[in-house]
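Q: To start, I am sharing the structure in question, which I have written as structure tokens.
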Amino acid sequence: MIVTWLARWIDSRLRLSKPAREFMNHVFPDHWSFLLGEIALYSFLLLVATGTFLALLFNGSAATVVYHGPYRALDGVPMSAAYESVLRISFEVPAGLLIRQMHHWAALIFVGAIVLHLSRIFFTGAYRRPREINWIIGLTLLLLAIVNGYLGYSIGGDLLSGTGVRIAYAILLSVPLIGPWLAFIFFGGNVPTDAAIPRMYGLHIFLVPALIAGLLLLHLAIIWRQYHTNYPGPGRTNHSIVGSRLWPSYTGKSLGLLFLVAALTAALGGLVQINPVWIYGPDNPAAALPGAQPDWYLGWIEGAMRLFPGINLRIGSWLFPELFFAGVFFPALIFGGLYLYPFFERWITFDDEPHHVLHLPYETPLKTAFGCAVFAMLLVLFFAGSDDVIAVVAGGSVVTIRAILRVLFFIAPTVTAALVYFLCVKLKRKHAVPVAQAADTKRTILQYALLVGSAAGIAILAAARSKLSRWHSE
Amino acid sequence: MTARSRNRGAKRVASDRSLRAFALKMSNVFFAKRAAHAGDRVAGHRISTDALELLAVGKSDGESSDSISAGRSRSDSQSPATSAGGSYEPPPDSPPSPLGVDSEPSEKDSEDAQRLGAALATIAFSIAIAGGIGFLFVYWTSGNNMLLGTSLAVAFGGFGVALVLAAHWLILQTEVSAPREPLTSSAEERESVYRDFYPGRQVIRRRKLLTWMSAAVMGTLAAAAISVLRSFFGESPYGPTLMSGIWRRGDRLVTEKGDPVSIHSLQMGSSMVVYPEKHLGYVSAQTVLLRVQEKYLQLPKQRATWAPMGYLAYSRVCTHAGCPVGLFEAQNDLLLCPCHQSTFNVMDGAQPTGGPAARPLPQLPLYVDGDGNLRAGGDFTAPPGPSFWSIP
Numbered sequence: 000m001i002v003t004w005l006a007r008w009i010d011s012r013l014r015l016s017k018p019a020r021e022f023m024n025h026v027f028p029d030h031w032s033f034l035l036g037e038i039a040l041y042s043f044l045l046l047v048a049t050g051t052f053l054a055l056l057f058n059g060s061a062a063t064v065v066y067h068g069p070y071r072a073l074d075g076v077p078m079s080a081a082y083e084s085v086l087r088i089s090f091e092v093p094a095g096l097l098i099r100q101m102h103h104w105a106a107l108i109f110v111g112a113i114v115l116h117l118s119r120i121f122f123t124g125a126y127r128r129p130r131e132i133n134w135i136i137g138l139t140l141l142l143l144a145i146v147n148g149y150l151g152y153s154i155g156g157d158l159l160s161g162t163g164v165r166i167a168y169a170i171l172l173s174v175p176l177i178g179p180w181l182a183f184i185f186f187g188g189n190v191p192t193d194a195a196i197p198r199m200y201g202l203h204i205f206l207v208p209a210l211i212a213g214l215l216l217l218h219l220a221i222i223w224r225q226y227h228t229n230y231p232g233p234g235r236t237n238h239s240i241v242g243s244r245l246w247p248s249y250t251g252k253s254l255g256l257l258f259l260v261a262a263l264t265a266a267l268g269g270l271v272q273i274n275p276v277w278i279y280g281p282d283n284p285a286a287a288l289p290g291a292q293p294d295w296y297l298g299w300i301e302g303a304m305r306l307f308p309g310i311n312l313r314i315g316s317w318l319f320p321e322l323f324f325a326g327v328f329f330p331a332l333i334f335g336g337l338y339l340y341p342f343f344e345r346w347i348t349f350d351d352e353p354h355h356v357l358h359l360p361y362e363t364p365l366k367t368a369f370g371c372a373v374f375a376m377l378l379v380l381f382f383a384g385s386d387d388v389i390a391v392v393a394g395g396s397v398v399t400i401r402a403i404l405r406v407l408f409f410i411a412p413t414v415t416a417a418l419v420y421f422l423c424v425k426l427k428r429k430h431a432v433p434v435a436q437a438a439d440t441k442r443t444i445l446q447y448a449l450l451v452g453s454a455a456g457i458a459i460l461a462a463a464r465s466k467l468s469r470w471h472s473e
Numbered sequence: 000m001t002a003r004s005r006n007r008g009a010k011r012v013a014s015d016r017s018l019r020a021f022a023l024k025m026s027n028v029f030f031a032k033r034a035a036h037a038g039d040r041v042a043g044h045r046i047s048t049d050a051l052e053l054l055a056v057g058k059s060d061g062e063s064s065d066s067i068s069a070g071r072s073r074s075d076s077q078s079p080a081t082s083a084g085g086s087y088e089p090p091p092d093s094p095p096s097p098l099g100v101d102s103e104p105s106e107k108d109s110e111d112a113q114r115l116g117a118a119l120a121t122i123a124f125s126i127a128i129a130g131g132i133g134f135l136f137v138y139w140t141s142g143n144n145m146l147l148g149t150s151l152a153v154a155f156g157g158f159g160v161a162l163v164l165a166a167h168w169l170i171l172q173t174e175v176s177a178p179r180e181p182l183t184s185s186a187e188e189r190e191s192v193y194r195d196f197y198p199g200r201q202v203i204r205r206r207k208l209l210t211w212m213s214a215a216v217m218g219t220l221a222a223a224a225i226s227v228l229r230s231f232f233g234e235s236p237y238g239p240t241l242m243s244g245i246w247r248r249g250d251r252l253v254t255e256k257g258d259p260v261s262i263h264s265l266q267m268g269s270s271m272v273v274y275p276e277k278h279l280g281y282v283s284a285q286t287v288l289l290r291v292q293e294k295y296l297q298l299p300k301q302r303a304t305w306a307p308m309g310y311l312a313y314s315r316v317c318t319h320a321g322c323p324v325g326l327f328e329a330q331n332d333l334l335l336c337p338c339h340q341s342t343f344n345v346m347d348g349a350q351p352t353g354g355p356a357a358r359p360l361p362q363l364p365l366y367v368d369g370d371g372n373l374r375a376g377g378d379f380t381a382p383p384g385p386s387f388w389s390i391p
């Protein structure tokens with residue numbers, strides 16, 4: 000009744016019947032792997048909801064105050080106002096700790112879901128024409144999610160976040176030519192500065208979320224315009240979309256998922272402690288937390304920073320700090336490679352046709368092997384990011400474990416690539432997917448040429464580097 | 000469909016059935032009466048006649064003429080169930096709707112299925128309500144975080160499960176096949192855009208002047224926007240904070256509490272944090288003071304006098320990422336950074352011996368004054384802190 004009345008009222012002013020009908024009848028395919036992006040979307044909604052609650056109670060200021068409150072261990076201790084307000088949210092605000100922990104968990108799930116979503120898209124070829132634009136937007140969303148996650152856990156004013164701020168400052172500082180300016184513009188001086196927390200807080204709750212929300216809407220609008228892809232199957236062609244209608248089939252399932260994601264976040268927020276800042280204590284530039292690690296999505300950069308050898312590369316009087324290679328160049332390489340991948344593949348395969356039907360990972364053995372190899376490498380780096388913790392747990396020395404991980408950094412991707420490649424070839428043969436033989440041969444030859452070429456390139460670079468460092472040490 | 004997936008499907012049906020048998024028994028007890036209203040169609044397909052009228056307004060058939068034939072293959076499978084459910088049914092020989100064509104709904108549309116679905120969903124909904132009430136109760140009483148989280152999770156989870164169950168059992172799932180329009184405009188459409196754009200441009204006179212002057216204004220404004228970044232750095236990075244420490248020759252070393260440091264302050268093999276007397280707590284000036292056996296020192300010749308009585312002082316800010324190099328391992332003569340495990344050999348001027356750091360820790364020259372207190376003999380040997388491109 001009311002719905003009909005309201006619909007009529009709106010329709011007689013905006014003439015929305017036709018778009019409303021198209022909206023309700025929009026077709027979405029059903030597959031569990033298509034829900035990963037939805038999980039990311041829903042965890043973003045949860046982040047906005049819990050984040051609003053927190054923002055109204057958090058005090059993003061670096062001013063020094065003395066804490067007096069129910070947490071006895073820090074009673075009478077001077078600290079930043081930001082840290083004090085986090086303690087108040089955690090110990091005094093009703094449900095404050097729950098919302099804070101839910102916010103942190105939702106952030107971890109958000110980035111995790113994006114990464115899984117990205118992997119699904121990469122391994123099934125969903126980035127191919129016409130979806131390159133959404134690939135780029137999606138990667139930018141991942142980047143922004145990582146940045147905002149970092150900003151979020153850096154504004155708490157605790158010792159762990161202080162360590163993170165110092166490291167981020169050092170990373171910005173290490174950029175050739177503009178590094179010192181970058182670091183000073185961002186942090187307002189040599190850290191610790193009073194400007195850092197308010198500035199990061201402003202970015203964390205306004206600029207970056209606004210960018211994420213805007214790009215997210217664009218991402219969805221483009222999916223809407225282009226329709227989702229389909230897995231191969233009977234009746235799935237480049238000229239059709241097979242699935243369920245948004246209303247009512249898909250709405251029910253999708254809303255169910257929203258509440259399941261919320262339930263997971265609430266359960267984690269209530270039962271699994273995360274970022275117990277009161278244990279770390281307030282930030283103190285003269286102290287560092289042993290075993291300090293970033294949130295999981297920065298673990299690979301942390302690992303790269305630990306594994307990269309201390310080479311002192313000077314060209315003329317210019318220094319290229321080791322931190323630049325591990326903290327800036329390597330992540331830029333990974334993200335740059337991801338951004339360019341669809342165009343690279345188009346260039347190497349001469350395939351500029353629209354693709355609306357996905358391929359299964361085993362149908363493209365080389366790509367799948369390459370992708371898995373990159374994942375293996377990132378996984379090694381992820382573990383390297385906690386090499387000190389591994390040393391404590393496993394009982395070895397950090398030096399040994401680092402040496403092992405340095406070897407693994409090269410071995411693991413190679414072995415993974417080989418294993419995955421042969422597994423894919425085997426599966427492909429078993430399923431005997433018909434492929435145009437000629438095109439496939441051309442493609443394979445090109446791919447091999449590229450592989451050999453890049454190996455040669457890496458060898459040349461490695462030789463050049465060792466020569467450079469020898470030249471420098473003389 | 001491969002044999003294996005068909006097999007899997009069969010298994011799923013079997014497990015569905017056993018679940019069904021159990022749940023049916025339960026539901027027959029509680030829901031027999033309500034399910035008897037068999038005239039009720041499944042919830043999702045109940046669309047009021049008013050809404051149908053509204054929908055019919057939007058249905059104009061001009062759009063369907065260019066739909067692609069692939070969608071047509073399924074057009075004959077239009078089932079009475081779906082058309083009764085409210086989707087617009089095209090006249091018999093018209094082309095398929097651009098909004099897609101539904102398959103037969105799944106076989107779940109039986110009274111049993113509805114009863115079972117209703118039973119399961121009601122249980123889940125009730126659990127959700129219980130969770131919500133639990134949350135309210137805990138929130139207004141103890142506020143225990145674990146109970147809050149659990150009850151909220153139960154509320155959300157129950158609701159989520161209920162919705163999924165409803166989608167599975169109570170909303171008829173049909174598979175739709177809709178045609179995709181090509182995502183490239185037709186040549187005609189493009190042509191029409193050109194036709195509108197170019198004459199539109201023609202009526203703009205003095206285009207060059209407008210273009211260049213606008214570009215000039217934009218350039219100026221861009222320069223202004225970029226230079227506003229200056230407001231964000233408190234000081235030039237090439238001022239004193241980055242390029243030098245704050246130690247001066249003659250500065251007395253003091254502890255974190257401000258007490259002067261004498262030649263008796265440290266045992267052999269121990270360390271402490273010191274600051275210049277005038278800048279207590281200044282981060283870039285923080286220095287680690289160690290005492291080692293003089294005979295093992297391997298300092299460069301020009302630094303031979305910098306370690307009186309085995310007292311050595313280095314910048315405490317790591318040259319890698321700026322963490323405090325907090326740990327002194329006396330038995331290995333190493334300073335260790337807790338962040339990325341860089342190690343520095345204190346005997347030879349804190350050269351890096353392992354980990355990612357590439358530059359030695361800057362050393363602070365020391366001497367002993369007439370009162371037996373330690374003083375700085377000058378500034379650090381290099382700017383303290385993490386490396387940057389123009390660091391000497």
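Protein chains in written order, with numbering that gives the first Met the number 0: chain A, 0 to 473; chain B, 0 to 391.
Beta carbons are placed, not taken as given, at the ideal position from N, Cα and C, and that holds for glycine.
Does the distance from the C-beta atom of Arg290 (chain B) to that of Leu252 (chain B) stay below 8 Å?
A: no
Q: Near Gly309 (chain B), what residues of its chain come up, given a Cβ to Cβ distance below 8 Å and the 5 sequence neighbours on each side ignored?
A: Met267, Arg290, Val291, Gln292, Glu293, Leu296
Q: Return the first residue and the last residue of the beta strand (DSSP E) that Met271 (chain B) is part of.
A: 270–275
Q: State yes or no: is the beta carbon of Arg189 (chain B) nearer than 8 Å to at least one beta carbon in chain A?
A: no
Q: What are the boundary residues of the beta strand (DSSP E) that Trp317 (chain A) is part of?
A: 317–319
Q: Give the C-beta separation of Gly99 (chain B) and Ala287 (chain A) to the nearest angstrom, bearing in mind that I take them to be a contact with Cβ-Cβ under 8 Å.
A: Their Cβ separation, rounded to whole angstroms, is 60 Å, which puts Gly99 (chain B) and Ala287 (chain A) out of contact at 8 Å.
Q: With 8 Å set as the bound, which would you pick, yes or no: does the beta-carbon of Leu289 (chain B) sit closer than that to a beta-carbon of chain A?
A: With respect to chain A, the C-beta atom of Leu289 (chain B) has no partner C-beta closer than 8 Å.
Q: What in chain E is Cβ-close to Ile166 (chain A), meaning under 8 Å?
A: Protein chains A and B are contained in the structure displayed, whereas chain E is not.
Q: When the Cα of Ala120 (chain B) is compared with those of B:Ala165, B:Ser269, B:Tyr313, B:Ser386, which residue comes out closest?
A: B:Ala165
Q: Is the Cβ of Gly85 (chain B) closer than 8 Å to any Cβ of chain A?
A: Note on Gly85 (chain B): pLDDT 43, under 50, position unreliable in the model; the coordinate value appears next. No, Gly85 (chain B) does not count as interfacial toward chain A.
Q: Quick one: measure Cβ to Cβ for Thr123 (chain A) and Pro284 (chain A), integer angstroms, because I've assumed they're closer than 8 Å.
A: About 48 Å; that fails the 8 Å criterion.
Q: If I follow the unbroken alpha helix (DSSP H) through Phe382 (chain A), where does it start and stop?
A: Element bounds for Phe382 (chain A): 364–383.
Q: Would you give the residue range spanned by the alpha helix (DSSP H) that Arg345 (chain A) belongs to?
A: 329–348
Q: Which residues mark the beginning and the end of the alpha helix (DSSP H) in which Leu257 (chain A) is found?
A: 250–270
Q: Is there a Cβ from chain A that is less than 8 Å from the Cβ of Thr417 (chain B)?
A: In this structure chain B extends from 0 to 391, so residue 417 (chain B) is not present and cannot be described.
Q: Taking 8 Å as the cut-off, decide whether the C-beta atoms of Gly251 (chain A) and Leu115 (chain B) are in contact.
A: no
Q: At the level of alpha carbons, what is the spacing between Ala167 (chain A) and Ser79 (chain A)?
A: 19 Å
Q: Suppose contacts are defined by Cβ-Cβ distances below 8 Å. Is Pro178 (chain B) in contact with Ala182 (chain A) by that definition?
A: no
Q: Between which two residues does the alpha helix (DSSP H) containing Ala220 (chain A) stretch?
A: Ala220 (chain A) -> alpha helix (DSSP H) spans 207–225.
Q: Find the nearest neighbour of Leu267 (chain A) within the set A:Met0, A:Leu176, A:Trp104, judged by alpha-carbon distance.
A: A:Trp104
Q: Relative to the alpha-carbon of Ile444 (chain A), which residue among A:Thr348, A:Ala94, A:Trp134 has its alpha-carbon at the smallest distance?
A: A:Thr348
Q: Can you give the Cα-Cα distance for Pro299 (chain B) and Gly348 (chain B), rounded to whole angstroms?
A: 8 Å
Q: For the beta strand (DSSP E) containing Gly242 (chain A), list its first residue and its last residue.
A: 239–244
Q: Less than 8 Å between the C-beta atoms of Gly384 (chain A) and Gly298 (chain A), yes or no?
A: yes
Q: What are the boundary residues of the alpha helix (DSSP H) that Met212 (chain B) is part of?
A: 206–226
Q: Exposed or buried, Gln113 (chain B), counting other C-beta atoms within 10 Å across all chains shown (16 or more means buried)?
A: buried
Q: Is the beta carbon of Pro385 (chain B) sitting closer than 8 Å to the one on Ala320 (chain B)?
A: The answer is yes: Cβ separation under 8 Å.
Q: Nearest to Gly156 (chain A) by alpha carbon, out of A:Leu418, A:Ser396, A:Val356, A:Gly59?
A: Looking at A:Leu418, A:Ser396, A:Val356, A:Gly59, the one whose alpha-carbon comes closest to that of Gly156 (chain A) is A:Gly59.
Q: Which residues in chain B sit within 9 Å of His354 (chain A), going by Cβ to Cβ distance?
A: Ordered by position in chain B, no residue passes the 9 Å Cβ test against His354 (chain A), which lies about 11 Å from the chain.
Q: How big is the Cα-Cα spacing for Phe477 (chain A) and Gly130 (chain B)?
A: As shown, chain A starts at 0 and ends at 473. That puts residue 477 (chain A) outside it, with no answer to give.
Q: By the criterion of Cβ-Cβ separation under 7 Å, what are the contact partners of Arg87 (chain A) in chain B?
A: Ordered by position in chain B, no residue passes the 7 Å Cβ test against Arg87 (chain A), which lies about 14 Å from the chain.
Q: Listed in chain order, which residues of the region 312–332 of chain A have Cβ atoms closer than 9 Å to some Cβ of chain B?
A: Leu312, Ser316, Trp317, Leu318, Phe319, Pro320, Glu321, Leu322, Phe323, Ala325, Gly326
Q: Pro355 (chain B) and Met304 (chain A) - do their beta-carbons sit closer together than 8 Å?
A: yes
Q: By how many angstroms is the C-alpha of Ile204 (chain A) removed from the C-alpha of Leu339 (chain A)?
A: 30 Å
Q: Find the nearest neighbour of Pro351 (chain B) within the set B:Leu333, B:Pro364, B:Pro181, B:Val316, judged by alpha-carbon distance.
A: Answer by Cα proximity: B:Leu333.
Q: Spell out whether any CB of chain B is found under 8 Å from the CB atom of Tyr485 (chain A).
A: Missing from the structure shown is residue 485 (chain A); chain A here goes from 0 to 473 and no further.
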